[in-house]
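Protein chains in written order, with the working numbering: chain A, 3 to 267; chain B, -9 to 245. By construction, the Cβ of each residue, glycine as well, lies at the ideal position given by its N, Cα and C atoms. Comments concern the structure below.
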Amino acid sequence: MLDIFQYDFMVRAFEAGVAIGIVAPIIGMFLVVRRYSLLADTLAHVSFAGVAIGIFLSINPILSAIVLSVVAAFGIESLRNSGRIFGESVLALFLSGSLAVAVIILSLAKGFNANLFSYLFGSISTVSLSDLWVTLGLAVVVFLGVIIFYKELFFASFDPELAEASGLPVKRLNIMIVVLAAIAIALSIRIVGVLLIGALMVIPVVSAMQYGKGFRTTLMLSVFFSLLSVILGLFASYYFNLASGGAIVVIALIFFIASLLIVKK
Amino acid sequence: MSVEEPYIILNNVSFSYGNNLVLENLSFSVRKGEYLGIIGPNGGGKTTLTNIILGLLHPTTGTVTLFGKDRHDFKEKYRIGYVPQRVAQTDKDFPITVLEVVRTGRIARIGFLKRFSKKDKEIVDRALELAGIAKYRDTLIGDLSGGERQRVFIARALASEPDILILDEPTVGVDIAAQKTFYEFLTSLNRDHHLTILFISHDIDVISHEAKTVLCLNRNMVCHGAPEDSLNEEVLRKLYGDHVKNISHNDHNHA
């Protein structure tokens, strides 16, 4: 057995990493095809404000991150649907706004320390046992949510108007995707970090899209790229003492560049 | 519902966007087996009318009855197969195969929490065959021509086993040769498969040749009847203004 797995924290990091590696690109796929990738970054910043609240109130920051990002997800969707603000501007509003809130709370809590760095860029040594259970449990919720409503979510993403005309509750399906995205993102910030989770949701998907396959095949390819990036990234993080989020995303980028070069259009 | 009851009944339907009245007191019905062409100028309310029938917009006043039920109580929306206007502009970069598009036609019929059965797959296969696109089943939608993509969306609508097909400017972005085959295909669906068709177009030439009944729409109903009886100069003036020459085809001899 590799010496890396003698450490409990590494085993936990791998378990949480695999869960995130599966869930992130699945949600990412639905965001990318809707031209809505920026939502991932926005919700990641909202999660960060949630982490700050958690640190301030001394509760598990992942839980407060999940709660806040789900609340924000509802807020984003209802503002978008109200038509009073451009969809894109809503994202900018939430992205910068939540960062501002996070900074204020953290300065009140005097929380600017190394621990914070791990939330920004991901860290493998900080996944506690309770983090692991929360991550695995909610990753299963997100995964099952997408599997159970796959055909409806897919239809509503491909052509919302046709989906609505055939009787699907498109607005509710949209909210569902955004809420699942909020959960998946809040879960992932321990390992991948606030600033890089968007990349893990988007890069494997755009890599997979280079191969010119249908939706289902592209989805499976993106999970494959994502899992490979997470696993190799965690190894690199351990052996070269790198921030895990950075290592994972750089490897995902390498797969993307390789895909660009392999598939000539 | 009795056999004679029309599929669609509009009664005094009006619709306005703010103060802009787009449809005014529109009443007509569509019966089983009809091939109804709706024509009118751009901005004449054609797409608004489609969206009202599809339940995407709600009339400001008036009632819509679909298959014998008030539109509020009508749940079997898949009985109306819709082929949208923007087929030619569909997101070409969306990673989706022809088969995956056509399968979406069955999703509402299958319902939540259920998977595609063997029967569903057979119906999808039949729709692909009927539309003549079976050989493209694994091709990406973005790799097809406008005419081929048009057929994919027809197949999608057919896969829901509709009682009526609604097509909104379906040949936009389709080349002339493909349009001809397309119209023949529609006629055969109506004649051989007894599918009711509601065809919306700004192209008076096409409607007068293809449809069995025509409805002229310019905010309110300007004409309704057989094309040869309805499309006279007076009607055309009401639709398109005085500068329009007589472009109706009095000599057409379609079945």
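The continuous stretches of alpha helix (DSSP H) do not include Asn208 (chain B), which lies in the beta strand (DSSP E) extending over residues 203 to 208. According to DSSP, Leu226 (chain B) shares a beta bridge with no other residue.
Contact between the stretch 99 to 107 of chain B and the stretch 220 to 239 of chain A is absent: fewer than three C-beta pairs spanning the two stretches fall below 8 Å. One alpha carbon belongs to Ile197 (chain B), the other to Phe227 (chain A), and they sit about 51 Å apart. Here Val207 (chain A) is actually not in contact with Ala75 (chain A); their C-beta atoms are around 19 Å apart, not less than 8 Å. Only exposed fits Ile259 (chain A), as fewer than 16 other CB atoms lie within 10 angstroms of its CB. Within the same chain, Gly30, Leu33, Gly200, Met203, Val204 come within 8 Å of Ser39 (chain A) by CB-CB distance, once the 5 residues on both sides are set aside. For Ile193 (chain A), there is no enclosing beta strand (DSSP E), since its DSSP letter is neither H nor E. Collapsing the DSSP output to three states places Phe76 (chain A) in a helix.
Under the three-pair Cβ rule at 8 Å, the stretch 108 to 118 of chain B does not count as touching the stretch 153 to 160 of chain B.
With a cutoff of 9 Å on beta-carbon distance, Leu175 (chain A) and Ile250 (chain A) are scored as not near each other. Fully enclosed alpha helix (DSSP H) runs of no fewer than 4 residues are not present anywhere in the stretch 122 to 149 of chain A.
Under a criterion of Cβ atoms nearer than 7 Å, the residues of chain A adjacent to Phe84 (chain B) are, in order, Val35, Phe160. Counting C-beta atoms within 10 angstroms of its own C-beta, Ile150 (chain A) has fewer than 16 neighbours from the protein chains shown and is therefore classed as exposed. The beta carbon of Gly214 (chain A) sits closer than 9 Å to some beta carbon of chain B. For a Cβ distance threshold of 9 Å, nothing in chain B lies close to Ile264 (chain A): the least Cβ distance comes to about 17 Å.
Looking at the DSSP output, Lys59 (chain B) bridges to B:Leu56. When B:Arg93, B:Ile166, B:Ile70 are compared, the shortest CA-CA separation from Phe160 (chain A) is found for B:Arg93. Under DSSP, the beta-bridge partners assigned to Asp158 (chain B) are B:Ile190. Contact of Ala121 (chain B) with chain A is not assigned, every C-beta pair being separated by 9 Å or more. In this structure, the alpha-carbon of Lys173 (chain A) lies about 9 Å from that of Glu166 (chain A). The stretch 206 to 215 of chain B and the stretch 47 to 66 of chain B do not touch, with fewer than three beta-carbon pairs separated by less than 8 Å. The DSSP-derived three-state label of Ser150 (chain B) is coil. Remark: three or more beta-carbon pairs, one from each stretch, lie closer than 8 Å, so the stretch 184 to 200 of chain B and the stretch 24 to 44 of chain B are flagged as touching.
Counting the other CB atoms within 10 Å of its CB gives Asn180 (chain B) a total of 16 or more, which places it among the buried residues. Flagged as an interface residue toward chain B: Ala165 (chain A), by a C-beta distance shorter than 9 Å.
When DSSP states are grouped into helix, strand and coil, Thr129 (chain B) belongs to the coil group. Under the Cβ distance rule, Tyr68 (chain B) counts among the residues neighbouring chain A, one pair being separated by less than 9 Å.
Runs of the beta strand (DSSP E) lying entirely within the stretch 10 to 75 of chain B, each at least 3 residues long, are 10 to 20, 25 to 29, 51 to 56, 70 to 73 in chain order. For Val212 (chain B), the secondary structure class from DSSP, reduced to helix, strand or coil, is strand. When the alpha-carbon of Ser49 (chain A) is set against those of A:Asn62, A:Val35, A:Leu70, the nearest one is in A:Leu70. Ile28 (chain A) sits in a helix when the DSSP states are folded into three classes. No Cβ of chain B is located within less than 9 Å of the beta carbon of Met12 (chain A). Shown here, Tyr(-3) (chain B) sits in coil according to DSSP, grouped into three states, outside any helix or strand. Here Leu205 (chain B) is near Phe18 (chain B), since their CB atoms are less than 9 Å apart. Between Leu39 (chain B) and chain A, the shortest Cβ-Cβ separation is not below 9 Å.
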